[in-house]
Structures are given as structure tokens and as C-alpha cells.
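Here numbering that gives the first Met the number 0 is used: the first residue of the sequence shown is 0, the next is one more, and so on. First the structure, in the form of C-alpha cells, and then the observations on it.
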Amino acid sequence: MDKWDARFLEITHTIANWSSCYQENRKIGAIIVKNKRILTTGYNGAPAGVTSCVERGECLRRKLNIPSGTRHELCYAVHAEQNAIIQAAKLGVSIDGATLYCTHQPCVLCAKMIVNAGIVRVVYSDGYPDEFSMEIFKESSVSVEKLPWPEKTGLA
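Pasting the structure below:
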């Protein structure tokens, strides 16, 4: 694993801790990088001004028994990848040709946004049950790499 990839993946793990997701194992972090510079960050959480699941004291998806990787619309959170892309748009930062680092494999909704935003490479460590997203990446020629967590390799 490249030393820079390890560093950027480690940062996604830190950013994931900012998540307002009620489920500990669903805290996701993302960063968008170009020329070894972090352009934007994102983590999963409720939109600005909307009560988060942590504040509500429950996870809507868990309450409704919704399986992971399905029914994305039934969640208060905006995905980490989406928030990183939205932050770039809000701040007027071009992410065309950039790399997105994420704690987890992006879902199909995020994959579509990543492709249309001009991101050319995605690097993640943990899987996600959404094979369709990988089909979208493959057909669009976005490079996708699954790499082990940096703390497991000693490269961080």
C-alpha cells in the first residue's frame, strides 16, 4: 500500500468519528483529495438543522428493520461521500480528477454522484452489500481499490 493512501485512509477513520449515526458500526468518513491535498471532508449525519439519530436516541433503519444496503431513502443521514461532494459544491472547489477515500465501499447512490462529479479513483477499506455500485464504477471507468486499514499494515 502506498504511504499516501495509508495516510488518507487513516484520516477517513478519524472523520468517521464525527458521524451522528446512532449505530457505532455505521460511522462513515470520506475525504476528497487531489495532488496530495485534502479538498473536502464528509461524514454521515443528518442535514443541517435536522435532528440526528443520536439526538433522537434511536436509528430509524433499525427501528424499521431495514437491511443494510437497501432503502437508502429511509434514513435521516446524508452519506459521507455525498457530504464531501456537497461541501465541494458549496465552497466552489473543483473535484474533477480527484480521488475519494472512504472508510467503506460507496453505495450505488454515492457511486452515481462520484461518477458525475468527475472523481476518477475511489479507495476504501470496508465492504458494503451493494454490488450494483461496483458495476457503475466499472462501466464508468472509475478506478476502485479496496485496501486494508492502515493500522493493520503499519504504514499509517
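All C-beta atoms, glycine included, are put in the ideal place defined by N, C-alpha and C. Only a predicted model underlies this, so the values are computations on that prediction, with no experimental measurement involved.
Rounded distance between the beta-carbons of residue j and residue i, thought under 8 Å
i, j, result
"A79", "G41", "4 Å"
"L8", "V122", "7 Å"
"Q104", "T39", "Not a contact, Cβ separation roughly 19 Å."
"A97", "K33", "4 Å"
"C20", "H71", "About 13 Å separates the two Cβ atoms, so there is no contact after all."
"T50", "A29", "Going by Cβ atoms, the distance from T50 to A29 rounds to 23 Å, so no, they are not a contact pair."
Cβ shell of residue i (< 7 Å), same chain only, five flanking positions each side left out
i, result
"L73", "L59, R60, L63 and I65"
"K111", "I135"
"W3", "K35"
Nearest-angstrom Cα separation, counted from residue j out to residue i
i, j, result
"K89", "W148", "30 Å"
"A76", "A45", "4 Å"
"I27", "E150", "17 Å"
"T13", "I84", "18 Å"
"A15", "E138", "29 Å"
"S140", "G48", "37 Å"
Buried or exposed by the 16-neighbour rule on C-beta atoms within 10 Å, applied to residue i
i, result
"S22", "Rather than Ser, the amino acid found at residue 22 in this sequence is Gln. Exposed: under 16 other Cβ atoms inside 10 Å."
"D129", "buried"
"F131", "exposed"
"A5", "buried"
"S124", "buried"
Own chain partners of residue i with C-beta closer than 6 Å, once the 5 adjacent residues on each side are dropped
i, result
"T69", "none"
"I31", "L38, T39, A83, I94, A97 and L99"
"N43", "S18, C20, I27, A76, H78 and A79"
Element boundaries [alpha helix (DSSP H), containing residue i]
i, result
"D4", "K2 to A15"
"S18", "Careful: S18 lies outside any alpha helix (DSSP H) and carries neither H nor E."
"V114", "V107 to N115"
Cβ of residue i within 8 Å of any chain B Cβ
i, result
"S19", "Protein chains in the displayed structure number just one, and chain B is not present."
Proximity test, residue i beta-carbon vs the ligand MN heavy atom, cut-off 7 Å
i, result
"K111", "The ligand MN is absent from the structure shown, which contains no ligands of any kind."
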